[in-house]
Amino acid sequence: MLRNLVRFHNCLGHAFSPPTVCPRGQMFKLLSVKSYSIITERKKFYEDVSISHGEGGMFEINLDRRKLKTPGGKLFTAPNEALAIAVANEWDTQKDILKFYSMHMTTLCNTALDNPTFRSKDQMITAIIHVYNCTEIETEPPSLVELQNNEWDPVLNWIEDRYNVVIGSSTSILGPEIPQATMDTFRQHLGSYNFWSLTGLEYVITQLKSVVLAFALIDKHITVEQAVLLSRLEEEFQIGHWGNVEWAHDVDLYELRSRTAAGALFVHFSSESSTVKRKLMQD
17 MLRNLVRFHN CLGHAFSPPT VCPRGQMFKL LSVKSYSIIT ERKKFYEDVS ISHGEGGMFE
77 INLDRRKLKT PGGKLFTAPN EALAIAVANE WDTQKDILKF YSMHMTTLCN TALDNPTFRS
137 KDQMITAIIH VYNCTEIETE PPSLVELQNN EWDPVLNWIE DRYNVVIGSS TSILGPEIPQ
197 ATMDTFRQHL GSYNFWSLTG LEYVITQLKS VVLAFALIDK HITVEQAVLL SRLEEEFQIG
257 HWGNVEWAHD VDLYELRSRT AAGALFVHFS SESSTVKRKL MQD
């Protein structure tokens with residue numbers, strides 16, 4: 017019997033992204049780029065990248081002698097040195113052309129700072145819970161159902177034990193009715209994250225289309241590679257039967273891994289309270 021949650025589809029569209037049908041992984045890019053600017057590339061205009069202390073214990077990024085700003089015009093600041101180093105590294109490793117769409121940590125910081133959708137922490141949690149309620153299960157072919165059971169059940173069993181909740185089982189196309197106690201537990205857990213961490217977590221959920229996979233990844237129960245594979249299980253099954261355009265499949269896979277890894281790191285970095293002793297840039 018297929019357990020609840022095989023894949024969470026585009027339920028984030030109501031509260032997190034523009035109402036546009038878009039390929040996997042493009043949802044967040046549309047928000048982060050279109051909310052600010054249509055520019056996705058630009059000629060590099062600086063030589064040196066450095067980190068400096070700002071007000072209130074924040075860290076600033078300097079491009080030569082100019083302070084980095086967000087697309088909304090705010091001073092770019094990171095809440096700790098670990099996250100500042102990650103952002104500075106993105107800017108430092110850019111070549112002659114800045115590819116903003118590849119700078120995931122910078123984009124996530126910009127989103128947290130500018131909050132382009134003007135949402136509170138409670139609204140973000142509600143949006144995530146809404147995604148959890150929007151499930152779609154596959155009931156055929158039997159070989160796909162068996163594959164999903166074998167691969168997904170260990171993760172679902174883990175999350176039930178980890179959070180002491182009941183996920184439920186169903187063969188109905190409407191999926192199982194999720195107990196209110198489970199929803200309350202997840203809402204309480206999400207409330208333990210700060211606004212920055214929730215921004216990263218929501219991004220991971222968007223990439224994986226799964227709250228369960230995002231929780232398991234952030235909790236380090238599964239790796240990025242495992243999370244991405246589970247999120248693409250049906251797609252990989254279809255490719256195994258019908259074939260694919262090899263280069264396009266590989267690019268999509270690696271980009272999804274990159275975005276997912278960046279989101280997971282952002283969650284951990286934005287929750288980091290201790291300072292990193294070493295510096296990214298050496299004089």
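For the sequence shown, the working numbering assigns the number 17 to the initial residue and increments by one for each residue that follows.
Built from N, CA and C at the ideal position, the CB exists for glycine as well.
All figures in this text were calculated on a predicted structure; none of them were measured in a lab.
Checklist entry - What's the C-alpha gap between Val-227 and Tyr-148? => result Straight-line measurement puts the Cα of Tyr-148 at about 6 Å from the Cα of Val-227.
Checklist entry - So the beta strand (DSSP E) Asn-78 belongs to, where does it begin and stop? => result For Asn-78, the enclosing beta strand (DSSP E) covers residues 75 to 79.
Checklist entry - Once you ignore the five residues that flank Gln-204 on each side, which residues in its own chain have a CB closer than 6 Å to its CB? => result For Gln-204, where only same-chain residues beyond five positions count, there are no Cβ hits under 6 Å.
Checklist entry - Bridge partners of Arg-82, per DSSP? => result Beta-bridge pairing by DSSP links Arg-82 to Leu-79.
Checklist entry - How about the region 71 to 83 and the region 113 to 121: do they share at least three Cβ pairs that are nearer than 8 Å? => result Judged by Cβ distances under 8 Å, the region 71 to 83 makes no contact with the region 113 to 121, as fewer than three pairs qualify.
Checklist entry - Since Glu-57 is in the alpha helix (DSSP H), which residue starts that stretch and which ends it? => result Not the alpha helix (DSSP H): Glu-57 falls in the beta strand (DSSP E), residues 57 to 59.
Checklist entry - From Ile-183 to Leu-172, what distance separates their C-alpha atoms? => result For the pair Ile-183 and Leu-172, the Cα-to-Cα distance works out to about 7 Å.
Checklist entry - Among residues of its own chain, excluding the 5 on either side of Lys-59, which ones have a beta-carbon nearer than 8 Å to its beta-carbon? => result Excluding positions up to five away in sequence, the list reads Asp-112, Ile-113, Leu-114.
Item to check | Exposure of Val-65, with buried meaning 16 or more beta-carbon neighbours within 10 Å | outcome: Val-65 is buried by the Cβ-count criterion.
Checklist entry - If you draw a straight line from the C-alpha of Thr-123 to the C-alpha of Tyr-179, how long is it? => result Thr-123 and Tyr-179: Cα-Cα distance of roughly 31 Å.
Item to check | Cβ pair count under 8 Å reaching 3, the region 133 to 140 against the region 88 to 95 | outcome: No, they do not touch.
Item to check | Coarse secondary structure for Ala-280, derived from DSSP in three states | outcome: Look at Ala-280 here: in three-state DSSP terms it is helix.
Next on the checklist: To the nearest angstrom, how far is the alpha carbon of Leu-224 from that of Leu-99?
Outcome noted: C-alpha separation (whole angstroms): 22 Å.
Checklist entry - By DSSP, does Ser-226 sit in helix, in strand, or in coil? => result When secondary structure is reduced to three states using DSSP, Ser-226 falls in the coil class, being assigned neither helix nor strand.
Next on the checklist: Under DSSP, the alpha helix (DSSP H) around Leu-206 begins and ends at which residues?
Outcome noted: Looking at the DSSP string, the run of the alpha helix (DSSP H) that includes Leu-206 is 196 to 206.
Checklist entry - Could you check where the alpha helix (DSSP H) with Leu-124 kicks off and where it finishes? => result The continuous alpha helix (DSSP H) containing Leu-124 extends over residues 120 to 130.
Checklist entry - To the nearest angstrom, how far is it from the Cα of Gln-139 to the Cα of Glu-218? => result Going from the Cα of Gln-139 to the Cα of Glu-218 covers about 12 Å.
Item to check | 7 Å Cβ shell around Leu-249 - same chain, five flanking residues per side excluded | outcome: Correct list, in chain order: Leu-163, Gln-164, Glu-167.
Next on the checklist: Report the CB separation of Val-240 from Thr-276 in whole angstroms; it is logged as a contact under 8 Å.
Outcome noted: With a Cβ gap of about 5 Å, Val-240 and Thr-276 count as contacting.
Item to check | Beta-carbon spacing of Trp-212, Ala-128 below 8 Å | outcome: Closer than 8 Å, so yes.
Item to check | Distance CB(Val-283)-CB(Ile-234) smaller than 8 Å | outcome: Yes, the pair counts as a contact, with Cβ atoms nearer than the cut-off.
Checklist entry - The alpha helix (DSSP H) with Ser-159 in it runs from where to where? => result Per DSSP, the unbroken alpha helix (DSSP H) holding Ser-159 starts and ends at 158 to 179.
Item to check | Rounded separation between Ser-68 and Gln-242 - CA only | outcome: One C-alpha to the other measures close to 37 Å.
Item to check | For Thr-93, three-class secondary structure by DSSP | outcome: Strand at Thr-93.
Checklist entry - How should Gly-216 be labelled, buried or exposed, when 16 other C-beta atoms within 10 angstroms of its C-beta is the threshold for buried? => result Gly-216 is buried by the Cβ-count criterion.
Next on the checklist: For a test of the three-state rule: what should DSSP assign to Val-147, helix, strand or coil?
Outcome noted: Look at Val-147 here: in three-state DSSP terms it is helix.
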